[in-house]
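Remarks on the structure that follows.
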Amino acid sequence: MTASKRNTPLSSAEGIGATDLAKVDAHEITAEEYEEIPELTDEMMARADLYEGGELIRRGRGRPKVENPKRQVTMRLDADLIETMRASGPGWQVRANEALRERFKA
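Following this line, the structure appears as structure tokens:
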């Protein structure tokens with residue numbers, strides 16, 4: 005009986021071969037190869053995920069958390085109003101939010 009594809013491991017050192025792994029482990033980087041390695045910049049380090057003891061302590065990518073996140077709501081509005089707002093171009097939802105904020109300003 006053959007193993008199904010679903011039960012076959014995605015990657016395995018057995019498939020690579022011990023001689024290939026030994027060759028990789030035995031390789032020592034040359035001065036020319038070392039020169040080809042790009043320098044790490046402050047920008048790269050700022051984007052990096054930081055781990056301490058195998059635990060993620062700071063995530064470098066993605067949008068930062070905001071103090072007052074927006075909440076999604078569902079409203080029924082007149083079709084012509086929606087089309088007019090959308091026709092004003094990108095950022096129409098922000099402008100609609102600003103108009104509502106101005107209208108209900110205390």
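Heads up, the sequence shown is in our numbering, so the first residue is 5 and it goes up one at a time. Even for Gly, the Cβ is constructed at its ideal location relative to N, Cα and C. As the structure is a prediction and not an experimental result, all values here were calculated from the model.
Extent of the continuous alpha helix (DSSP H) run through Arg-80: Note, Arg-80: premise wrong, no alpha helix (DSSP H); not H, not E.
Local conformation of Glu-39 per DSSP, three classes: helix
Rounding to the nearest angstrom, what Cα-Cα distance links Glu-43 and Val-70 in this structure? 32 Å
**Request:** Inspect the beta-carbon positions of Arg-90 and Trp-96 and report whether they are closer than 7 Å.
**Result:** yes
query: Out of curiosity, what's the CA-to-CA distance linking Asp-46 and Ala-52?
result: 10 Å
CB contact flag (Arg-62, Leu-54, <7 Å): yes
Handout entry: As assigned by DSSP and simplified to three states, the class of Arg-51
Key = helix
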